[in-house]
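J.: Dropping the structure in here first, questions after.
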Amino acid sequence: MSFTGGAYAELVAASRYTLVPEVISAEHAVAAAVPASMAVVLVRTANVVEGESVLVEAASGAIGGYLARLAKERGARVVATAGAGKPVPDADEVLDHNDPDWRQEVPEGIDVLFESVGGPRAAELTTKLVPRGRILAYGLLSGEFPTYSVAALAGRGLTLIGFGGLDAYAEDVAAARAEALGLVAGGTLTPVLDRTYPLADVAAAHARVESREGVGKVVLIP
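Using the working numbering, you'd call the opening residue of the sequence shown number 2 and step up by one each time.
Below, the structure written as structure tokens:
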């Protein structure tokens, strides 16, 4: 695993390691380690508490699915977005994010927004948050950065925390990895594994990811 692009290799010199519980297969460990660790850090940073409402974007994906599960474990109501027909087992309400007007369907009273889409319309969701709500921006699925008005955030006491680069949180994610794998081993989190491919078929693996047809991680087997 790497925090940089192009991390395909049979052997890698690593500066640190994580012990994987024996009950977790290598494929499931790879599929879960980074996204589950990120979810642990995000939920902890957001300080989600019982009775709050959270909105999880792209919740059928790896990080989004873990966020929904961990928020539910803390007693939160979970509103999620996903592609039509894609399951989000831990969501109380699911919105189709392929609908261009899905943001209008988000209920008001959201305490925490886990924002992974970005783009020029991301700021529209600030009106759905309660005063002193929290936004944790950690992804750019749209390919564009969100634009937030400082006046709009400050006027309602909203907190915006960015997770734009893993380097800034590498130590936090690494520290959370053992906890995340423990949650997988204990059954709280279920690895979201879409498909595995041999390393020689990396082009097919990339095509699978780009198609957005799958749910979960695509793993290469060296």
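Quick reminder that beta carbons are idealized off the backbone N, C-alpha and C, glycines included.
Assuming residue 35 is part of the alpha helix (DSSP H), what are its boundary residues?
T.: Taking the first residue of the sequence shown as position 1, residue 35 is located at position 34. Note, residue 35: alpha helix (DSSP H), 27-47.
J.: Can you tell which of 179, 95, 23, 120 has the C-alpha that lies nearest to the C-alpha of residue 85?
T.: Mapped onto the sequence shown, residue 85 falls at position 84. Closest option to residue 85, Cα to Cα, is 95.
J.: If you drop the 5 nearest sequence neighbours on each side, which residues of the same chain put their C-beta closer than 7 Å to that of residue 161?
T.: Counted from its first residue, the sequence shown places residue 161 at position 160. Taken in chain order, the residues that qualify are 136, 138, 149, 154.
J.: So, is residue 18 buried or exposed, given that buried needs 16 or more other C-beta atoms within 10 angstroms?
T.: Residue numbering aside, residue 18 sits at position 17 when the sequence shown is read from its first letter. Residue 18 comes out exposed.
J.: Excluding the 5 residues flanking residue 50 on each side, which residues of the same chain have their C-beta closer than 7 Å to its C-beta?
T.: Locating residue 50 in the sequence shown gives position 49, counting from the first residue. Closer than 7 Å at Cβ, skipping near neighbours: 75.
J.: If contact is defined by three or more beta carbon pairs under 8 Å, each pair taking one atom from either stretch, is the stretch 96-114 in contact with the stretch 54-66?
T.: They touch, by the three-pair rule.
J.: Just to confirm the assignment: which complete beta strand (DSSP E) runs, minimum length 3, are found wholly within the stretch 73-101?
T.: Whole beta strand (DSSP E) segments, 3+ residues: 78-83, 94-97.
J.: Given that a residue counts as buried once 16 or more other Cβ atoms are within 10 Å of its Cβ, and exposed if not, what is residue 178?
T.: Sequence index remark: in the sequence shown, residue 178 carries index 177 (1-based). Label assigned to residue 178: buried.
J.: Kindly indicate the opening and closing residues of the alpha helix (DSSP H) around residue 138.
T.: Numbered from its first residue, the sequence shown carries residue 138 at position 137. No alpha helix (DSSP H) contains residue 138, which is instead part of the beta strand (DSSP E) from 130-138.
J.: Give the single residue among 212, 193, 203, 210 whose Cα lies nearest to the Cα of residue 28.
T.: The residue you call residue 28 lines up with position 27 of the sequence shown. Closest option to residue 28, Cα to Cα, is 193.
J.: Ends of the alpha helix (DSSP H) at residue 173?
T.: Here residue 173 corresponds to residue number 172 of the sequence shown, with the count starting at 1. Residues 171-186.
J.: So, are the CB atoms of residue 121 and residue 157 less than 9 Å apart?
T.: Position 120 of the sequence shown, counted from the first residue, corresponds to residue 121. Position 156 of the sequence shown, counted from the first residue, corresponds to residue 157. Result no, Cβ atoms of residue 121 and residue 157 do not sit closer than 9 Å.
J.: Thinking residue 101 and residue 63 are a contact (beta carbons under 8 Å), I'd like their distance in whole angstroms, please.
T.: Locating residue 101 in the sequence shown gives position 100, where the first residue counts as 1. Locating residue 63 in the sequence shown gives position 62, where the first residue counts as 1. Not confirmed; about 25 Å, so no contact.
J.: Using CA coordinates, which residue listed in 107, 73, 83, 38 is at the minimum distance from residue 215?
T.: Taking the sequence shown and counting its residues from 1, the one referred to as residue 215 is at position 214. Among 107, 73, 83, 38, the Cα nearest to that of residue 215 belongs to 83.
J.: When DSSP labels each residue in this structure, what does residue 23 get in the three-state scheme?
T.: As a first step, residue 23 is located in the sequence shown; it is residue number 22 there, counting from the start. Residue 23: coil per DSSP, three-state reduction.
J.: By the three-class DSSP mapping on this structure, what secondary structure does residue 209 have?
T.: Stepping through the sequence shown from its first residue, residue 209 is reached at position 208. Helix.
J.: List the endpoints of the continuous alpha helix (DSSP H) containing residue 154.
T.: Along the sequence shown, read from residue 1 onward, the residue named residue 154 stands at position 153. First-last of the alpha helix (DSSP H) with residue 154: 151-156.
J.: Run through DSSP, which three-state label would residue 126 get?
T.: Position 125 of the sequence shown, counted from the start, is the residue given in the question as residue 126. Looking at residue 126 - three-state DSSP - the assignment turns out to be helix.
J.: What residues match up with residue 1 in a beta bridge as DSSP calls it?
T.: With the chain running from 2 to 223 in the structure shown, residue 1 is simply not present.
J.: Ignore the nearest five residues each way along the sequence and tell me which others in residue 206's own chain have a CB closer than 7 Å to its CB.
T.: The residue given as residue 206 occupies position 205 in the sequence shown. Cβ within range, chain order: 198, 219, 221.
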